[in-house]
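Report on the structure given below.
Number of protein chains: 2
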Amino acid sequence: MKVYRYPGKKAWKRLLARPALETKALDDIVLDIIEDIKLNGDEAVRKYTLKFDGVDISDARISQEEQEEALKNIDSKLKDAIKLAYDNIYRFHKEQVPEMMEIETVPGVKCWQKPIAIERVGLYVPGGTAPLFSSVLMLAVPATIAGCKEIVVCSPPNADGKLHPAIIFAAQISGVKKIFKVGGVQAIAAMSFGTETIPAVYKIFGPGNQYVTAAKQLVTRMGIAIDMPAGPSEVAVLADEFSDTRFIASDLLSQAEHGIDSQVILITTAESIISEVQKELERQLDSLPRKELAKESLINSRIFLVKSKQDMMELVNTYAPEHLIISTSDADILAEQVINAGSVFIGQYTPESAGDYVSGTNHTLPTHGYAKVYSGVNMDSYYKKITFQKISKQGLEKIGPAIEIMADAEQLTAHSRAVSLRLAKNNK
Amino acid sequence: MKVYRYPGKKAWKRLLARPALETKALDDIVLDIIEDIKLNGDEAVRKYTLKFDGVDISDARISQEEQEEALKNIDSKLKDAIKLAYDNIYRFHKEQVPEMMEIETVPGVKCWQKPIAIERVGLYVPGGTAPLFSSVLMLAVPATIAGCKEIVVCSPPNADGKLHPAIIFAAQISGVKKIFKVGGVQAIAAMSFGTETIPAVYKIFGPGNQYVTAAKQLVTRMGIAIDMPAGPSEVAVLADEFSDTRFIASDLLSQAEHGIDSQVILITTAESIISEVQKELERQLDSLPRKELAKESLINSRIFLVKSKQDMMELVNTYAPEHLIISTSDADILAEQVINAGSVFIGQYTPESAGDYVSGTNHTLPTHGYAKVYSGVNMDSYYKKITFQKISKQGLEKIGPAIEIMADAEQLTAHSRAVSLRLAKNNK
Chain C
1 MKVYRYPGKK
11 AWKRLLARPA
21 LETKALDDIV
31 LDIIEDIKLN
41 GDEAVRKYTL
51 KFDGVDISDA
61 RISQEEQEEA
71 LKNIDSKLKD
81 AIKLAYDNIY
91 RFHKEQVPEM
101 MEIETVPGVK
111 CWQKPIAIER
121 VGLYVPGGTA
131 PLFSSVLMLA
141 VPATIAGCKE
151 IVVCSPPNAD
161 GKLHPAIIFA
171 AQISGVKKIF
181 KVGGVQAIAA
191 MSFGTETIPA
201 VYKIFGPGNQ
211 YVTAAKQLVT
221 RMGIAIDMPA
231 GPSEVAVLAD
241 EFSDTRFIAS
251 DLLSQAEHGI
261 DSQVILITTA
271 ESIISEVQKE
281 LERQLDSLPR
291 KELAKESLIN
301 SRIFLVKSKQ
311 DMMELVNTYA
321 PEHLIISTSD
331 ADILAEQVIN
341 AGSVFIGQYT
351 PESAGDYVSG
361 TNHTLPTHGY
371 AKVYSGVNMD
381 SYYKKITFQK
391 ISKQGLEKIG
401 PAIEIMADAE
411 QLTAHSRAVS
421 LRLAKNNK
Chain V
429 MKVYRYPGKK
439 AWKRLLARPA
449 LETKALDDIV
459 LDIIEDIKLN
469 GDEAVRKYTL
479 KFDGVDISDA
489 RISQEEQEEA
499 LKNIDSKLKD
509 AIKLAYDNIY
519 RFHKEQVPEM
529 MEIETVPGVK
539 CWQKPIAIER
549 VGLYVPGGTA
559 PLFSSVLMLA
569 VPATIAGCKE
579 IVVCSPPNAD
589 GKLHPAIIFA
599 AQISGVKKIF
609 KVGGVQAIAA
619 MSFGTETIPA
629 VYKIFGPGNQ
639 YVTAAKQLVT
649 RMGIAIDMPA
659 GPSEVAVLAD
669 EFSDTRFIAS
679 DLLSQAEHGI
689 DSQVILITTA
699 ESIISEVQKE
709 LERQLDSLPR
719 KELAKESLIN
729 SRIFLVKSKQ
739 DMMELVNTYA
749 PEHLIISTSD
759 ADILAEQVIN
769 AGSVFIGQYT
779 PESAGDYVSG
789 TNHTLPTHGY
799 AKVYSGVNMD
809 SYYKKITFQK
819 ISKQGLEKIG
829 PAIEIMADAE
839 QLTAHSRAVS
849 LRLAKNNK
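Quick note, the sequences are listed as chains C and V, same order. Here the first sequence is numbered in my numbering, starting from 1 and rising by one per residue. Here the second sequence is numbered in my numbering, starting from 429 and rising by one per residue.
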């Protein structure tokens, strides 16, 4: 990891810069696939699955048989772990269910806001280097709590043309009925426009590689909503002289092992821990199965030595990390000062991996600085809020004249007249 | 208006289709302007203001002098109307301020969700055919309630190089300090990347013409968030034989007068009212200053005669209108069955124009069927919600083994080790 000691504020933006997301370069390739699937449905999906995943799948549905097989093949300890994760994710998200709000702004003018679940949602679960069944829980549990009527899960098949049994099991216990072995751009396109087999949805959730990300961004121009734009995963760790350097190294590596483009940052007020963290990284790296990925990712990673906790918080709020681990002695106080982050892990015994799997919080989080403006996936992501109003004759008498004046000033005469006609009848 | 009597469900999608939004055709033109402003800042903004608005403006800031002048020039009745609107919008939005949520999912595992205001927001207020000062209130009042630190308003200058005094007044009473006379693509680009004069923001709100819409969509690929995609304004009115045809006609015209691309739909169970509404439309149309626009818009508008209230609700939920006026005798019951709409107006004395100006609800709403998945602008739009967690040693002992099992199954060894190391220390 590169070390920057006491960098001036003017240099922060440059030093914190993420690699540009080059989705645009992929647009043409991705658009062609989208258009093909929009036009040719299942047949085109099958073609691209053969091309990109190397398997020929005649029916993308996960059958009853495959579901039962998955249940048999999954290790019972893993089942129990997934169940515990399910319970906690359920609890944390259930508590967030948005409520109806009602108010009478003026006597006779009742206004309210009612959350209603989005009817159809599509959940994308990446395959690639690891079967990310935890993402199924993170996306499907809130969808079932919200009561979305149609919940579709798509995930790329492995070399045997199957999904990992844990992905199927996680979907089952989350209450998902429709699971398809389709991945990549073809999954995003199929869920956007529907095929003979795969239902169309209104909103697509879930992480993915650069092709999936480009596809998600492109379908937003075609009437589909997405959870959030995505980039490579990130962690920032805040540490002082009291932090445990072994824990720090393990947390940094948890991020680095995701892939070579992972963004890993350590910000510390203590010169003393820097070399110890570096040594510990090397020690722990060696025994990692994914050490080649992690090594590559660490090359682009950065350690910032700063003068004060204030600088530390300013720097990290400027960066807006997806994951923020605060392992300083005053972690609680610093946590209060967080303005921009996806999810925050406080204290020595709160590793990021807790939130990735079991604690209950969602792990689908804003990357690439989007934490300045986007939330991670949460219950709000599955609802839209509709406003209602009901005005009595008396209510309209009170606010009607103001409506007429404003509408006339905006030169919208019919708007004004919709009030005048009603007030006139009222006075009869 | 074209009348469709008892159309079969298979035809609904086609009959309800909106005109395609041709933003893509504009992309190249709009991208050039964005790139120019990103590179050349104020100088480029000035150039495009001269080109598109026909005025040469050396300083886009609204000066103290201009602010004072606006205060003098605005009619006192309009001032009072704007103040009443401000009060109600404030009340309705203040009530929505999201709260902190906290839960202990497992003893020792505390998880919470904290809403934090987005630091920098940009509010776009269209000029064009009318000075839409009401949009200033709708966008700025929730921003100040949320406590966004930087609130920027941009609106195109008129032929005299000025903003309408009501726009300045509405911004003032909403607590906005930074107002700029810049419109169109140049405003969106300036707020996205910042210029010497105009601050960069993280999220851009507000309606606009097709160029502004294209610019907003394009900057989402460059790291900027937007409130929602936008299309032409819409209303659907539900009516039965008890509805007042004069009110219906005035409500349909309130929408039609916005522009020739406005979408206006009437759904009724009563054949008897159709000809009366048509006659009333002609009668009221004649005295409208904007009658040419409204007439054009009505040509593309549709009346649907349906067999039952059930069909009525299914049809309107399929359409997902921006504005929905329910003026039937059983309006309250039907309102309960709304699944897809931006804002709903219930009963004979609740014209859409109430919500456009004074009742308190927001008028920035999802169009083009986006109401199936997007909310209108509301307090949530100005916050991101950050999750936090703090786990005790005992808490980690409870959930740690499940994390290890799941991480190992996902082949993410460092994730697992971040727990193991902590549990080992714990057991010392």
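Glycine included, every Cβ here is placed at the ideal spot set by N, Cα and C. Just so it is clear, the structure is predicted and the values come from calculations on it, not from any experiment.
- Residue environment analysis places V:Ser787 among the buried positions, since at least 16 neighbouring C-beta atoms fall within 10 angstroms of its C-beta.
- Taking the CA atoms as reference points, V:Ser715 sits about 16 Å from C:Val419.
- When DSSP states are grouped into helix, strand and coil, C:Arg422 belongs to the helix group.
- Contact annotation: C:Glu241 and C:Ile273 have beta-carbon atoms nearer than 8 Å.
- Secondary structure in the region 127–199 of chain C: the beta strand (DSSP E) runs of 3 residues or longer, each lying completely within the stretch, are 150–154, 178–180 in chain order.
- Annotation for V:Ile767: Asn745 place their beta carbon closer than 6 Å to its own, counting only its chain and skipping 5 residues before and after.
- In this structure, the beta-carbon distance from V:Trp540 to V:Glu527 does not fall below 8 Å.
- Against chain V, a Cβ distance below 9 Å from C:Thr195 picks out nothing, because the smallest value is about 17 Å.
- CA-to-CA, the gap between C:Pro229 and C:Ser327 works out to about 29 Å.
- Distance from the CA atom of V:Arg519 to the CA atom of C:Gly108, rounded to whole angstroms, is 15 Å.
- Under the three-state reduction of DSSP output, C:Tyr48 falls in the helix class.
- Taken through DSSP and simplified to helix, strand or coil, V:Glu780 comes out as helix.
- Cβ proximity to chain V below 8 Å picks out Pro366, His368, Gly369, Tyr370, Ala371, Lys372, Val373, Tyr374, Ser375, Gly376, Asn378 from the region 366–378 of chain C.
- By the CB criterion at 8 Å, C:Ala146 and C:Leu123 fall outside the cutoff.
- Within the same chain, and ignoring the five residues on either side of V:Lys590 in sequence, no residue has its Cβ closer than 6 Å to its Cβ.
- Pairing C:Gly395 with C:Leu365 gives a Cβ-Cβ distance that is not under 8 Å.
- At a cut-off of 8 Å between C-beta atoms, C:Asn88 counts as an interface residue with respect to chain V.
- For C:Ala239, the enclosing beta strand (DSSP E) stretches over residues 234–239.
- With respect to C:Ala85, V:Ala842 sits apart: the two C-beta atoms are not nearer than 8 Å.
- With a contact defined as Cβ atoms closer than 8 Å, C:Ala371 and C:Gly347 miss out at about 20 Å.
- Residue burial annotation: C:Leu315 is buried, with at least 16 other C-beta atoms found within 10 angstroms of its C-beta.
- Between the region 441–455 of chain V and the region 631–649 of chain V, the count of Cβ pairs shorter than 8 Å is three or higher; the stretches touch.
- Counting only Cβ-Cβ distances below 8 Å, C:Asp160 has no contacts in chain V at all, with the closest Cβ about 17 Å away.
- Taken through DSSP and simplified to helix, strand or coil, V:Phe633 comes out as strand.
- Between C:His93 and C:Pro131, the gap from beta carbon to beta carbon reaches 8 Å or more.
- Contact of V:Leu709 with chain C by beta-carbon distance below 7 Å is absent, the smallest such distance being about 10 Å.
- Using a CB distance cut-off of 8 Å, V:Ser757 does not count as an interface residue toward chain C.
- In the displayed model, V:Arg718 falls within coil according to three-state DSSP, outside both helix and strand.
- For C:Gly183, the nearest beta carbon of chain V is not closer than 8 Å to its own beta carbon.
- Between the alpha carbons of C:Phe345 and C:Leu421 lies a gap of roughly 59 Å.
- With distances taken between CA atoms, C:Lys10 lies nearest to C:Asp311 out of C:Leu423, C:Gln186, C:Ile405, C:Asp311.
- Distance check between V:Thr673 and each of V:Gly783, V:Glu832, V:Ser703 places V:Ser703 closest, using alpha-carbon atoms only.
- Around C:Ile103, the beta-carbon contacts reaching into chain V at under 8 Å are Arg519, Phe520, Glu523, Gly788.
- The Cβ neighbour count for V:Leu680, taken over all protein chains shown within 10 Å, is at least 16; the residue is labelled buried.
- Residue C:Ala225 holds the alpha-carbon nearest to the alpha-carbon of C:Arg120 among C:Ala225, C:Glu292, C:Ser262, C:Asp160.
- Distance from the CA atom of C:Leu78 to the CA atom of C:Glu280, rounded to whole angstroms, is 30 Å.
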